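K.L.:
Number of protein chains: 2
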Amino acid sequence: MGITKSEKFSEEQNQIANIAKSFAHPARVAILQHLFKINACICGDLVSEIGLAQPTISQHLKELKNLGLIKGNVEGTSVCYCINEEVWTSTKQLLTTFLDQDSKPKSQCC
Amino acid sequence: MGITKSEKFSEEQNQIANIAKSFAHPARVAILQHLFKINACICGDLVSEIGLAQPTISQHLKELKNLGLIKGNVEGTSVCYCINEEVWTSTKQLLTTFLDQDSKPKSQCC
DNA sequence: TTAATTAATCGCAATATTACGATAAATAAA
DNA sequence: TTTATTTATCGTAATATTGCGATTAATTAA
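Residue numbers (the numbering used here), protein chains in the order written: chain A, 1 to 110; chain B, 1001 to 1110.
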């Protein structure tokens, strides 16, 4: 069906999945890396940097913005995008906890 | 088109995106959490635990197995799935480096 | 005001993902 | 061998994602 049955899972599980989804495209990974590198950026930079069409980049930016990972300030005819540090920190926290599960005590296995 | 233009991105960017994709569904998040909790598991457990149909769970397990995050040992008529600790560790390393970008020195921004 | 610049949105096509019923394959038990 | 148990695979339907040309909206410059 193509529709995820979110109601079967916990809030935390859905949150982790949604964050992961935002990282699940190399263009969005590249955008985030570029924003960290530059610390401020306009969309046009990203189009030439990444090499996808302008509407495509705009769409990826929208997804990151919807999750709150980035914010955009209008500056003249262009938009200055940058990382939302607070959201990044809490996102990192959530994912790190998930990734650190392996540090818990474990019994023998197959 | 629905097809990701992977060739436009670095090996690392594609790796991060692929790992994120495997976490991008709450059922796979739940499967991994359950495997960590139990330390060994058969697929049947997961079907009743998670509440999706058996073919659906089997498909999610296959994706995690393809990435190497879990491994399955045949035991009689059932299969014992568990976390592949080595792969989990390197995966964690890659994602942690990505998430820790914010600890780098930053200039003022918008 | 008009023209130029930049980003967002619309609309569409192509591919991917999710879900599951039906079935097959593999093994164990009777 | 036959039957039961368990997991994998097939096939298909529905929805989601990706990508981009065309267009619109917003702002600045002339």
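Using N, Cα and C, we set each Cβ at its ideal position, and we do this for glycine too. Given the structure is predicted, the values throughout are model-derived calculations rather than measurements.
Name the chain A residues that come within less than 8 Å of T1096(B), Cβ to Cβ?
P.N.:
The contacting residues are T96, L99.
K.L.:
Quick one: residues in its chain with C-beta nearer than 7 Å to the C-beta of F98(A), no 5 flanking neighbours on either side, listed in chain order?
P.N.:
Excluding residues within five positions, the ones whose Cβ falls inside 7 Å are I16.
K.L.:
If contact means a Cβ-Cβ distance below 8 Å, which residues of the region 1038-1057 of chain B contact chain A?
P.N.:
Residues N1039, A1040, I1050, G1051, L1052.
K.L.:
Suppose only complete runs of 4+ residues qualify. What are the alpha helix (DSSP H) ranges in the region 70-105 of chain A, listed by chain order?
P.N.:
Those alpha helix (DSSP H) runs which fall completely within the region 70-105 of chain A and span 4+ residues are 85-99.
K.L.:
Do you know whose CA, among A27(A), H34(A), L94(A), L35(A), lies nearest P55(A)'s CA?
P.N.:
Nearest of A27(A), H34(A), L94(A), L35(A) to P55(A), Cα basis: A27(A).
K.L.:
What separation, rounded to the nearest whole angstrom, lies between the Cα atoms of E63(A) and G1076(B)?
P.N.:
When rounded, the distance between both Cα atoms is 46 Å.
K.L.:
Can you tell me the Cα-Cα spacing of K1104(B) and I83(A), whole angstroms?
P.N.:
Rounded to the nearest angstrom, the two C-alpha atoms are 13 Å apart.
K.L.:
Looking only at its chain, what residues have a beta carbon closer than 6 Å to the beta carbon of S6(A), apart from the 5 residues adjacent to it on each side?
P.N.:
N14, listed in sequence order.
K.L.:
Within the same chain, show all residues whose beta-carbon is closer than 6 Å to that of C43(A), passing over the 5 residues directly before and after it, in chain order.
P.N.:
So the qualifying residues of the chain are V79.
K.L.:
Any C-beta of chain B sitting closer than 8 Å to the C-beta of N14(A)?
P.N.:
True, the Cβ-Cβ gap to chain B drops below 8 Å.
K.L.:
Taking buried to mean at least 16 other C-beta atoms within 10 Å of its own C-beta, is A30(A) buried or exposed?
P.N.:
Buried, since its Cβ has 16 or more Cβ neighbours within 10 Å.
K.L.:
Does T1077(B) have its Cβ less than 8 Å from a Cβ in chain A?
P.N.:
No, no contact with chain A.
K.L.:
Which of the three DSSP states, helix, strand or coil, is assigned to I50(A)?
P.N.:
Reduced to three states, the DSSP call for I50(A) is helix.
K.L.:
Quick one: what does DSSP say I3(A) is sitting in, helix, strand or coil?
P.N.:
If DSSP states are grouped into helix, strand and coil, I3(A) belongs with coil.
K.L.:
Which residue comes first and which comes last in the alpha helix (DSSP H) that contains K1021(B)?
P.N.:
Segment 1011-1023, the alpha helix (DSSP H) holding K1021(B).
K.L.:
Could you tell me whether any Cβ in chain A is nearer than 8 Å to the Cβ of Q1059(B)?
P.N.:
By this cut-off, Q1059(B) is not an interface position.
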